[in-house]
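A short write-up of the structure that comes next.
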Amino acid sequence: MVALNRQSPVQFGIPPLSTELHDNWTVAMEYENEGDGPWVVDLAHKVRWDLQDHRIDDLKPCDLLVPGTPGGCTFSGEMLINRQNGTQASIFHLGDPAPDMPDFPGFTDVTESTLFLALFGPKLFFMAEKLSNLDFMDPEKEAPFLLQGPFCQVPCQIVTLEKSRENSGGVLLTCSRGYGDSMVHGIFKAGEEFGLRPAGENRFRSWLRDLNE
Numbered sequence: 305m306v307a308l309n310r311q312s313p314v315q316f317g318i319p320p321l322s323t324e325l326h327d328n329w330t331v332a333m334e335y336e337n338e339g340d341g342p343w344v345v346d347l348a349h350k351v352r353w354d355l356q357d358h359r360i361d362d363l364k365p366c367d368l369l370v371p372g373t374p375g376g377c378t379f380s381g382e383m384l385i386n387r388q389n390g391t392q393a394s395i396f397h398l399g400d401p402a403p404d405m406p407d408f409p410g411f412t413d414v415t416e417s418t419l420f421l422a423l424f425g426p427k428l429f430f431m432a433e434k435l436s437n438l439d440f441m442d443p444e445k446e447a448p449f450l451l452q453g454p455f456c457q458v459p460c461q462i463v464t465l466e467k468s469r470e471n472s473g474g475v476l477l478t479c480s481r482g483y484g485d486s487m488v489h490g491i492f493k494a495g496e497e498f499g500l501r502p503a504g505e506n507r508f509r510s511w512l513r514d515l516n517e
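305 is the number of the first residue of the sequence shown in my numbering; add one for each residue after it.
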C-alpha cells in the first residue's frame with residue numbers, strides 16, 4: 305500500500321530541527337535558533353472547515369455556538385469558530401487530532417485548499433502594519449475577533465487571537481493556498497527588522513496553552 309504525503313503550501317527555506325508525522329503531514333516541531341520572537345508557524349496540518357447554511361444561528365458545531373454577528377469568534381480550548389457573514393462561518397481545529405466532520409451538507413473541509421499561519425510574539429503588530437491596513441488592535445474589539453481583507457495584498461481571513469498595548473500578541477491567518485510562496489516571502493521581508501523567525505508546533509502549543517490558562 306502506498307502512503308500518500310500531504311504537502312504544505314509554504315516553505316520557510318530552512319530545515320526544521322525535528323519533525324513528526326501527523327495524518328500524513330510532516331509537521332515541523334522545532335527549528336534551530338527560534339529566537340525571542342516574533343514567530344511564524346506553519347499550521348497547514350490543522351483541520352479547517354467552512355460552514356454555510358441559512359439556519360447557521362441554530363447550529364452548534366461540536367457543541368459550540370456560532371457567534372451571532374459577523375466578525376465575532378467563539379474560542380474554546382482548541383477550537384475556534386469565526387462568523388464571516390449572515391450564512392457562513394469558518395471553523396479552525398487548533399489541537400490534534402480533530403473530531404470527525406459532522407454529517408451535514410453545510411460543512412466543507414478546506415484544510416488542503418488553504419494556507420494557514422500563526423504569527424505571534426513581541427512587536428508582531430508593528431510588523432503587521434507594514435503588510436495591511438486592517439486594525440488588528442482595534443480598541444473597540446476584545447480578542448478574539450475576525451477581520452476579512454487584504455494582507456500582503458491578498459484576500460485573507462485573519463483572527464486577532466491575542467493583543468496587548470505593547471504591540472505584542474498574535475493572529476491566525478488563512479487564504480487560498482496558491483498564494484503560499486508570495487505570502488511567506490512578503491511576511492519574512494516585513495519581519496526581518498523585527499527578528500521574525502520560523503517556529504515549530506511546540507512553540508505554537510505553548511502559546512495556545514498560555515492563552516487558555
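From the three backbone atoms N, C-alpha and C, an ideal C-beta is built for every residue, glycine too.
With respect to C479, V463 sits apart: the two C-beta atoms are not nearer than 7 Å. Between A422 and V331, the C-beta spacing is not below 7 Å.
Contact annotation: T415 and R481 have beta-carbon atoms that are not nearer than 7 Å. At a Cβ-Cβ threshold of 7 Å, L435 and G375 do not count as neighbours. Shown here, A402 sits in coil according to DSSP, grouped into three states, outside any helix or strand. Selection S510, R501, R509, L512 evaluated against P320 yields R501 as nearest (Cα-Cα). Spatial neighbours of E505 in its own chain (CB-CB distance under 6 Å, excluding positions within 5 residues in sequence) are listed in chain order as V331, M333.
A distance below 7 Å separates the beta carbons of F424 and G474. Take the alpha-carbon of N328 and the one of H349: they are about 9 Å apart.
The C-beta distance from P313 to G453 rounds to 20 Å, too long to meet the 8 Å contact threshold. With a cutoff of 7 Å on beta-carbon distance, L476 and C460 are scored as not near each other.
Excluding the 5 residues flanking it on each side, L515 has same chain C-beta neighbours closer than 7 Å at L465, E466, in chain order. Only exposed fits Q311, as fewer than 16 other CB atoms lie within 10 angstroms of its CB.
Taking a cut-off of 8 Å on C-beta distances, the segment 390-409 touches the segment 354-366, as three or more cross pairs fall below it. Separation of F379 and E517 (C-alpha to C-alpha, rounded to the nearest whole angstrom) is 13 Å.
Within the model, the alpha-carbon separation for L325 versus N309 is close to 9 Å.
Judged by their CB atoms, F420 and L355 are not nearer to each other than the 7 Å cut-off. In this structure, W353 is the residue among W353, S322, R469, R507 with its C-alpha nearest to the C-alpha of D404.
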